[in-house]
Structures are given as C-alpha cells and as structure tokens.
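Asker:
Residue numbers (this note's numbering): 11 to 202.
1. I believe residue 158 touches residue 41 by the beta-carbon criterion, under 8 Å. Please report the beta-carbon distance rounded to the nearest angstrom.
2. Out of 190, 53, 55, 57, point me to the one whose CA is closest to residue 166's CA.
3. Would you mind sorting residue 80 into buried or exposed? The rule is 16 or more other CB atoms within 10 Å of its CB.
4. With DSSP as the reference, label residue 175 as helix, strand or coil.
5. Based on Cα-Cα distance, which residue from 123, 178, 61 lies nearest to residue 37?
6. Touch check for the stretch 171 to 190 and the stretch 45 to 62: three-plus C-beta pairs under 8 Å?
7. Would you call residue 70 buried or exposed, if buried means 16 or more other Cβ atoms sit within 10 Å of its Cβ?
8. Between residue 140 and residue 29, is the Cβ-Cβ spacing less than 9 Å?
9. Just to confirm before moving on: does the CB-CB distance between residue 49 and residue 90 stay below 9 Å?
10. What does the alpha-carbon distance come out to for the pair residue 66 and residue 146?
11. Suppose the cutoff is 7 Å on Cβ atoms and the five residues either side in sequence are ignored; what does the same chain contact list for residue 197 look like?
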C-alpha cells in the first residue's frame, strides 16, 4: 500500500482526506439543491399553461384564476419551508413530522446510493483533482442557491404585495396580482 501510493496518500486514506470529506459534503448539498430547484421550477412550469389560458378570460374570472394560481404557488413554497412548520409542530426532538417537511432527499436508500456514487467519483480522482472539483461544486452550489433564493424572494414579495392590497379596490388588487404572478413566471423562465 505504501509503495504504490506513497506515505502521504496512504495516511490520507487511513485518516480520511479532508478534501474528500469536503467533496462529499458539497456533492450531497449540490444534489439537494438541484432537486429543490427542479421541483420548484417544474411546479411553476405546470401552472404556466393555466396562467396562459387565464389571459382569455374576463377580468373577474381571470382575477379568481390568478388568485388560485398565486395561492397554490405560495402554499407550495410554505410546504417546503421548515420555518413555517415550526409554528405548528411540537418542540420535541422525536417529532415524527420533523424530517418530512425539511428534507428533499427523504429516502435513506436514495441518500446511500448518492453517497456511494460520489465515493466512486472521489476514488477516481487525485487530491489535486478533488480540489478543482470542490471549487466547481462550491460555485455551482452558490449559483443554485442564488436561483432558489431569488425565486423564493419573488414569491414572498408576491404574497406580501397581495396581502397588503386586500383593502384596495378590485381593479387595483387585480393589477397587483396580475403583475406579481406574471413576474414569478418570468423570473422562473429567466433563471434557467
């Protein structure tokens, strides 16, 4: 073992290479972020035909349709937000619902398969190549997180704008809702 790898590589293998551990963490985070982005984006893509069809409706029916679309978008976002559920769940550590709302990769089998996939990738790379991959993953994770945060911020802004105009006239509520829903779909399209 020492002759084929050299003493430094052998010690890193035995003790655990910190770069390898970092690579594994970033890879798992990347998988989680990619799944979260894909789910959110696909959900909005599924609502897009409904939004396009609503353009042909009269103003009252379109307002009701936009209201329905906005509520589903906001509800979908809230279901994925762990902070939203802390208001309703107990503070016990053994809460069975605790994992269900916060984890995208809920299946232990799926996580183990991903872990073994990334270990195989890691086994085929040298320490220098792992460092390069770590830098790439850090950038990709940052980009994905910015995309997700941008879309979430847009949806939250839509919710805030809609809630704050509830006392306004119908026409003003309609215009605010129409503009905000349109902006959410445009943001989703532009972030791809």
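Glycine included, each C-beta is placed from N, C-alpha and C at the ideal position.
Answerer: Quick look at the numbers:
1. Taking the first residue of the chain shown as position 1, residue 158 is located at position 148. Taking the first residue of the chain shown as position 1, residue 41 is located at position 31. Not a contact, Cβ separation roughly 14 Å.
2. Locating residue 166 in the chain shown gives position 156, counting from the first residue. Cα-wise, what sits closest to residue 166 is 190.
3. Mapped onto the chain shown, residue 80 falls at position 70. With 16 or more Cβ atoms within 10 Å of its Cβ, residue 80 is classed as buried.
4. Stepping through the chain shown from its first residue, residue 175 is reached at position 165. Residue state, collapsed to three classes: coil.
5. Working through the chain shown from its first residue, we reach residue 37 at position 27. Nearest option by C-alpha distance: 123.
6. no
7. Translated into positions along the chain shown, residue 70 becomes position 60. Classification of residue 70: exposed, given that the 10 Å Cβ count is below 16.
8. Against the chain shown, residue 140 aligns to sequence position 130. Against the chain shown, residue 29 aligns to sequence position 19. Yes, these two residues count as a Cβ contact at 9 Å.
9. Counted from its first residue, the chain shown places residue 49 at position 39. Counted from its first residue, the chain shown places residue 90 at position 80. Yes, Cβ-Cβ distance for residue 49 and residue 90 is below 9 Å.
10. Here residue 66 is taken as the residue at index 56 of the chain shown, counted from 1. Here residue 146 is taken as the residue at index 136 of the chain shown, counted from 1. Looking at the two C-alpha atoms, the distance is approximately 45 Å.
11. Within the chain shown, residue 197 is the residue found at index 187, counting from 1. Contacts found: 160, 161, 164.
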